[in-house]
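S.K.: Everything in the first sequence is counted per the numbering used here, starting at 32 for the first residue and increasing by one.
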Amino acid sequence: MEILDMTDIKKRWKERVHAALLEIAAQASPAGTAAPEIGLDAVVAEFPPKPELGDIGFPMFSYAKLLRKNPAAIAQEMEKRLAGASAEASEGSAKAVGPYLNVFFDRGATSAEILMRGEDAGWNASRPMAGRKVMIEFSCPNTNKPLHLGHLRNNILGESLSRITAAAGAEVRKVNLINDRGIHICKSMLAYQVYGGGRSPEDEGLKSDHFVGKYYVMFNTLKAEDPTAEARAQELLRRWEAGDPEVMELWKTMNKWAVDGIKTTDARQGGGFDQYYFESLTYMKGKDEVLDGLKRGIFYREEDGSVWVNLEDIGLDRKVLLRKDGTSIYITQDIGTAIYRHGDWPFEQLIYVVASEQQYHFKALFEILKRLGYEWAKNLYHLAYGLVNLPSGRMKTREGTVVDADDMIDELAALAEKEIAAKGRDASVGDVKAVAEKVALGALHYYLLQTSPTKDMLYDPEQSLSFTGNTGPYIQYMGARASSILRKYEQGEGNAAAGKISLDKLSSDADWALIRRLASFPEALELAARAKEPSVMAAYAHDVAADFSTWYRDNPVLTSPDPDLSASRVALVKSVKATLQAVCGMLCIPFLEVM
RNA sequence: GCGUUCGUAGCUCAGCUGGAUAGAGCGACGGACUUCGAAUCCGUAGGUCGCAGGUUCGAUUCCUGUCGGACGCACCA
């Protein structure tokens, strides 16, 4: 069977509508005069507010003036014109509804396509971003302390966006830039030298990144005891830059502890990277580029020897690129790193997932790369995201300190475990701890992704885990319910095995509501990928789960007396499950067969 | 002060390139389990989309101003 792609059907209808409009326009204009121009882009399609109005709609308002007709009349004429069109039956039909021209999909053809999902692992054939190479940078931790709540949002945004972009057909490369050098690193090293006594994380029974973080905090203790602490840290940095063997040895050891621990947390979230960059290896890059730009007159040198760029013409400031002593600063490194990466893997687009406090920095960075003449610089994108706040109270740690990522997940898992016990599900789920961890991650990830990245958000752990409503666990629960039905079917319950799948059995409005939702998957995916908005997929996941929940309450699957009806519904449940699995995968919400 | 960004129901959030009666969830109130898992479902109440102008046939969406919050404006990263 030929696979129907709803996105394509929509596009083809758009073209038909466009063609018909041109015909009307040509007819309406007096002989000898040019027909008014209507671009294909001027044809907009949207979803009618109620399903009975149609599946997609085209408002006719904007052509009224051009065609000197009222929108309703245009819609009428469009309907007549398109009725006879040689559109294949499977493409549906168009009907005038007031000032709108609405298209009704052919239910049978759509259903047939949807039912294939359950049987075909490669059902997602939509590839709107095919052929594109997209590099996505996220996480970028410092190696002086463990990840915190903000990193969890960063990680999940980056990971989810990567998966969505890949699902949309692009080739994706996830990269992480480890900030493993600098004064802050030296502070934890110094504190360890003073207080560590050569102990290892194992000796203290701490996760290795938490161990390093402990000494970073202890630097404050040192500062209170020793007024020269800051100076000593600076001295350590100088020795590091000089390659002092003793300092390098300590640095390597502590960095490994930090990075190993951080990687464990990344893996816990389900993420990972295709390539790691280390600031200690890249921070020298960029200087040559700046000097080259200076030679070409893109930058200028002040009397003290420092090198600057003037971005005032685009509403930014003057920025320093090289200090008067000739050393690099932050933005210089980023210039170098971007160029270096493009050499590594010639991306078409590079997306930086970085907190919105750095918006200014990235504007400047992108502009500088553009001025240096890099063609790809126009495709650099800063995915800025806001802060994660917690409701004041229990979860908020003392002022000034941040909520640790591992602690947060631990706490969520403990709550989930309690809930499983409270529901009396311990026996059914088997490995309670493993399931609780997955529920915790589903809760956390969905909650973090449902909000648009740009906004600051309030993370309420209790609410995210509440298991009722717009939450990750709700979506997981619907996945588990679907799985449960299919499991029983496999075990021979009901009479579906004796029936055969019939599209006629899935033609009710209730069926159509669910099928239409499943059919809009390619649109949701394309929008999410194009707009770089995992929240679109999150909303879609919830919609699918909610529609399924409504549907299966009134549509018994295995207990229906009609074998054909039963078999058809089993097929539909399979495609619901396949869809939920795919979408949950993109959102890093673990799919659970049982919970 | 300048710049960026956010402001939608009591609370947390959606609202796709401007379009048909602004949607979910929580909370409140009222219903539905001898029925495939009630971690569910159904219903009711609740909004002058911060405010004021403007563009448009049409504005929550675009523009200007204004109020309020967040962030940024280092030879830090």
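Ideal placement from N, C-alpha and C gives every residue a C-beta, glycine not left out.
How is proline 267 classed by DSSP in three states: helix, strand or coil?
M.R.: Reading the sequence as shown, one finds leucine at residue 267 and not proline. Correct three-state label for leucine 267: helix.
S.K.: Please report the straight-line C-alpha distance between valine 128 and alanine 103, rounded to a whole angstrom.
M.R.: 8 Å
S.K.: Tell me which residues share the same chain as phenylalanine 241 and place their Cβ nearer than 6 Å to its Cβ, disregarding the 5 neighbours each side in the sequence.
M.R.: For clarity, residue 241 is histidine in the given sequence; the question names phenylalanine instead. Closer than 6 Å at the Cβ level, and outside the excluded window around histidine 241, lie Pro177.
S.K.: So what does serine 124 bridge to, in DSSP terms?
M.R.: Phe135
S.K.: Between Val419, Pro422, Lys350, Phe378, which has its C-alpha nearest lysine 394's C-alpha?
M.R.: Lys350
S.K.: According to DSSP, is methionine 488 helix, strand or coil?
M.R.: Looking at methionine 488 - three-state DSSP - the assignment turns out to be strand.
S.K.: Is the beta carbon of alanine 630 less than 8 Å from the beta carbon of leucine 183?
M.R.: Residue 630 cannot be examined here, being either before or after the span of the chain that is shown, 32 to 626.
S.K.: How many Å lie between alanine 572 and leucine 611 at the Cα?
M.R.: Between alanine 572 and leucine 611, the alpha-carbon positions lie close to 7 Å from each other.
S.K.: Whole angstroms are fine: how far does the CA of asparagine 173 sit from the CA of glutamate 272?
M.R.: 18 Å
S.K.: Using a Cβ-Cβ cutoff of less than 7 Å, which residues in the same chain neighbour serine 142 once the five nearest sequence positions on both sides are dropped?
M.R.: Leu534, Leu537, Ile546
S.K.: If distances are taken between C-alpha atoms only, which option among Leu549, Asp257, Gly302, Glu168 comes closest to methionine 617?
M.R.: Gly302
S.K.: Go ahead and label phenylalanine 397 buried or exposed: buried means 16 or more other beta carbons lie within 10 angstroms of its beta carbon, across all protein chains shown.
M.R.: Counting of Cβ neighbours within 10 angstroms places phenylalanine 397 among the buried residues, the total reaching 16 or more.
S.K.: Among Ala569, Leu353, Ile399, which has the Cα closest to the Cα of glutamine 481?
M.R.: Ala569
S.K.: In three-state terms, what does DSSP make of asparagine 210?
M.R.: strand
S.K.: In angstroms with no decimal places, state the Cα-to-Cα distance between asparagine 420 and valine 75.
M.R.: 39 Å
S.K.: I need the DSSP call for asparagine 410, collapsed to helix, strand or coil.
M.R.: helix
S.K.: Please classify tyrosine 405: does DSSP put it in a helix, a strand, or coil?
M.R.: Tyrosine 405: coil per DSSP, three-state reduction.
S.K.: Which class does asparagine 186 belong to by DSSP, given the choice of helix, strand or coil?
M.R.: In the structure shown, asparagine 186 sits in a helix (DSSP, three-state: H, G or I).
S.K.: Taking C-alpha atoms, which residue in Val625, Pro621, Met626 lies nearest to glutamine 300?
M.R.: Pro621
S.K.: At the level of alpha carbons, what is the spacing between glycine 424 and leucine 71?
M.R.: Confidence in glycine 424 is poor, its pLDDT being 44 and thus under 50, which makes the residue's placement unreliable; the coordinate value appears in the next sentence. About 55 Å.
S.K.: Rank Glu564, Asp491, Ala474 by C-alpha distance to the C-alpha of serine 483 and give the top, closest one.
M.R.: Glu564
S.K.: Can you tell me whether glutamate 46 is buried or exposed? The criterion is at least 16 other CB atoms within 10 Å of its CB, across all chains shown.
M.R.: exposed
S.K.: Which whole runs of the beta strand (DSSP E) in the segment 132 to 171 are 3 residues long or more, in chain order?
M.R.: 164 to 168
S.K.: Output yes or no for whether 8 Å exceeds the beta carbon distance between asparagine 175 and lysine 218.
M.R.: yes
S.K.: Quick check on this structure: which residue in Arg402, Leu325, Asp356, Tyr314 has the alpha carbon closest to the alpha carbon of aspartate 365?
M.R.: Tyr314
S.K.: Report, in whole angstroms, the separation of the C-beta atoms of tyrosine 416 and glutamine 380, which I expect to be a contact under 8 Å.
M.R.: Rounded, the Cβ-Cβ distance is 18 Å, inconsistent with contact.
S.K.: Leaving aside the five residues before and after serine 60 along the sequence, list all residues of the same chain whose C-beta is less than 6 Å from its C-beta, in chain order.
M.R.: Ala66
S.K.: By DSSP's criteria, proline 594 is part of a beta bridge. Which residues make up the other side?
M.R.: In DSSP, proline 594 forms no bridge with anything.
S.K.: Does proline 82 come out as helix, strand or coil in the three-state DSSP assignment?
M.R.: helix
S.K.: How would you call threonine 428, buried or exposed, if buried means at least 16 neighbouring beta carbons within 10 angstroms?
M.R.: Unreliable placement is indicated for threonine 428, whose pLDDT of 43 sits below 50; the coordinate value is still reported in the next sentence. By the 10 Å Cβ count, threonine 428 comes out exposed.
S.K.: Return the chain-ordered list of same chain residues with a C-beta closer than 6 Å to the C-beta of alanine 444, the five sequence neighbours on each side being excluded.
M.R.: Ala467, Glu468, Ala471
S.K.: Isoleucine 40 by DSSP, collapsed to three states: which one?
M.R.: The DSSP-derived three-state label of isoleucine 40 is helix.
S.K.: Could you tell me which whole beta strand (DSSP E) segments of length 3 or greater appear in the segment 297 to 380?
M.R.: 306 to 309, 338 to 341, 349 to 353
S.K.: For leucine 596, which residues from the same chain have a beta carbon less than 6 Å from its beta carbon, with the 5 sequence-adjacent residues on both sides left out?
M.R.: Lys536
S.K.: What residues in its chain sit with their C-beta under 6 Å from that of phenylalanine 498, if we drop five residues either side in the sequence?
M.R.: Pro504
S.K.: When the Cα atoms are used, what is the spatial distance from aspartate 585 to leucine 52?
M.R.: 43 Å
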